[in-house]
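Q: Provided herewith is a single structure, encoded as structure tokens, for subsequent inquiry.
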Amino acid sequence: MTKAAKIESWLPYVLPVLGGLLGVIWVNLNKFDFINPVVGIGLGAIAGWAAARIILTIIRRSRH
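Residue 979 in the working numbering sits at position 56 of the sequence shown, and the numbers go up by one each step.
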């Protein structure tokens, strides 16, 4: 299995989890600035998913 294939296999799972984790950290650091922590975690996960999609698109285009 090539490095690109390995990255393609774990990237869609790791980046949304990392984004959610960063959302948790952001919510905990700014407790009084934010009302609903679920939104921060969700936005972090969505941002991680979007970043994974962009990176996968770049990897796949570079192969062709």
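Using N, Cα and C, we set each Cβ at its ideal position, and we do this for glycine too.
Is asparagine 951 helix, strand or coil when you go by DSSP?
A: By 1-based counting over the sequence shown, the position of residue 951 is 28. Three-state DSSP puts asparagine 951 in a helix.
Q: Within 10 angstroms of its Cβ, does isoleucine 1063 collect 16 or more other Cβ (buried), or is it exposed?
A: As shown, the chain starts at 924 and ends at 987. That puts residue 1063 outside it, with no answer to give.
Q: Taking the alpha carbon of glycine 943 as the reference point, which residue from Trp933, Gly967, Lys954, Val962 has its own alpha carbon closest?
A: The residue you call residue 943 lines up with position 20 of the sequence shown. It is Gly967.
Q: Which class does threonine 925 belong to by DSSP, given the choice of helix, strand or coil?
A: As a position in the sequence shown, residue 925 is number 2, starting the count at 1. Coil at threonine 925, not helix or strand.
Q: Taking the alpha-carbon positions, what's the proline 960 to arginine 984 distance?
A: Indexing the sequence shown from 1 puts residue 960 at position 37. Indexing the sequence shown from 1 puts residue 984 at position 61. Rounded to the nearest angstrom, the two C-alpha atoms are 36 Å apart.
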